[in-house]
Amino acid sequence: MNNNVVRSGSNPTNFVRPHILITGSNGQVGSELVVLCREKNIPFVAYNSQQLDITDSDRVFAEIKKQQPTAVINAAAYTAVDNAEIELSKAYAVNKEGAKNLAIACEELNAVLVHISTDYVFDGEKDGPYLETDKTNPVSVYGASKLAGEREVVEFCSKYFIVRVSWVFGQYGNNFVKTMLGLAKNHTELKVVDDQFGAPTSADQIAEKLVTLVTSASINYGTYHLESNPGVTWYEFANKIFQYAHDAKIIKNIPRVHPIDSTHYPKPVMRPKNSKLASTSQFDLGTIDWEKGLEKLIR
Numbered sequence: 001m002n003n004n005v006v007r008s009g010s011n012p013t014n015f016v017r018p019h020i021l022i023t024g025s026n027g028q029v030g031s032e033l034v035v036l037c038r039e040k041n042i043p044f045v046a047y048n049s050q051q052l053d054i055t056d057s058d059r060v061f062a063e064i065k066k067q068q069p070t071a072v073i074n075a076a077a078y079t080a081v082d083n084a085e086i087e088l089s090k091a092y093a094v095n096k097e098g099a100k101n102l103a104i105a106c107e108e109l110n111a112v113l114v115h116i117s118t119d120y121v122f123d124g125e126k127d128g129p130y131l132e133t134d135k136t137n138p139v140s141v142y143g144a145s146k147l148a149g150e151r152e153v154v155e156f157c158s159k160y161f162i163v164r165v166s167w168v169f170g171q172y173g174n175n176f177v178k179t180m181l182g183l184a185k186n187h188t189e190l191k192v193v194d195d196q197f198g199a200p201t202s203a204d205q206i207a208e209k210l211v212t213l214v215t216s217a218s219i220n221y222g223t224y225h226l227e228s229n230p231g232v233t234w235y236e237f238a239n240k241i242f243q244y245a246h247d248a249k250i251i252k253n254i255p256r257v258h259p260i261d262s263t264h265y266p267k268p269v270m271r272p273k274n275s276k277l278a279s280t281s282q283f284d285l286g287t288i289d290w291e292k293g294l295e296k297l298i299r
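Numbering (UniProt numbering), first residue to last: 1 to 299.
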């Protein structure tokens, strides 16, 4: 095994059987999971995408068998929404087959599987927030591949949590917050889409909820939405980012933001008009206040 695989535990002198095995530790949520486990002194082992390719079924089984975790948190995913349309096989290999490999291994080795999914499993045409019970209908290859992964988890693993999240941002990786802050340094005016509605979710807050899942014995297995409030458009989100950044003296001047229709900002794949998630299940972890997460990130 690569010597750079991240390990941590409460016993500094002996190898500790990990409680949590993290895949995709170099991504937005995976990176925050590593930070959180260290802070809370939770035994864990973490693999980035190079150290553990989840499309390799033999390697996945071997590593989970070797580490014997009580839970696996799958933060590995193919997330390039536009590229997925031309890299269909790659998107399905990671998002569907990778999820299947983890599900089979977790089932055989008696580990809980926590699988991160997305709002893109819905078509965005609903008037109100999407609930766990709403019909899925992805309109992109990315969304379809993630839904296919969910179905593999349900079919092959009896102890699972599928957690759908939306509009993820944080200090690691590429995301909307970083893009806006970068643009603010060189632009006095910007155009931002104002007809797509959803809820941002900070990666560190997601990590906290996922760790709560695997350390709680009172939550039923199943598919859940991680609800973040309040709902906003990208235009409204951008204005909030600039407000906090200006207050924190990260940017000197706040750019003037013009709201535009998404038809004036064409992309290979149209994003859902409505990505707002809500939960009516027994997933009693409370909702996320993304504004607190944004303020923490920027300050």
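Note that CB positions come from ideal geometry on N, CA and C, so glycine has one too.
The structure displayed is predicted, hence computed values, not measured ones.
Shown here for P272: same chain residues with a beta carbon closer than 6 Å to its own, the five before and five after excluded, namely G124 in chain order. Here R256 carries a strand assignment [DSSP, helix/strand/coil]. The criterion of a C-beta distance shorter than 7 Å is not satisfied by L21 and S166. Judged by DSSP in its simplified three-state form, H115 adopts strand.
The DSSP-derived three-state label of I206 is helix. Linking P200 to K209 through their CA atoms gives a straight-line distance of about 15 Å. Pairing E152 with A93 gives a Cβ-Cβ distance that is not under 7 Å. For I298, the enclosing alpha helix (DSSP H) stretches over residues W290 to I298. In the structure shown, H225 falls within a strand segment according to DSSP collapsed to helix, strand and coil. Under DSSP, no beta-bridge partner is assigned to R271.
Beta-bridge partners assigned by DSSP to R164: S117 and H225.
Rounded to whole angstroms, the gap between the alpha carbons of P69 and N95 is 22 Å.
Proximity to C106 across V211, Y120 and N74 peaks at N74, based on C-alpha coordinates. DSSP places N74 in the uninterrupted beta strand (DSSP E) bounded by A71 to N74. Within the same chain, and ignoring the five residues on either side of V257 in sequence, the residues whose Cβ sits closer than 6 Å to its Cβ are L190, V192, A238 and N239. The beta-carbon separation of E108 and T223, rounded to 22 Å, does not stay under the 8 Å limit for a contact.
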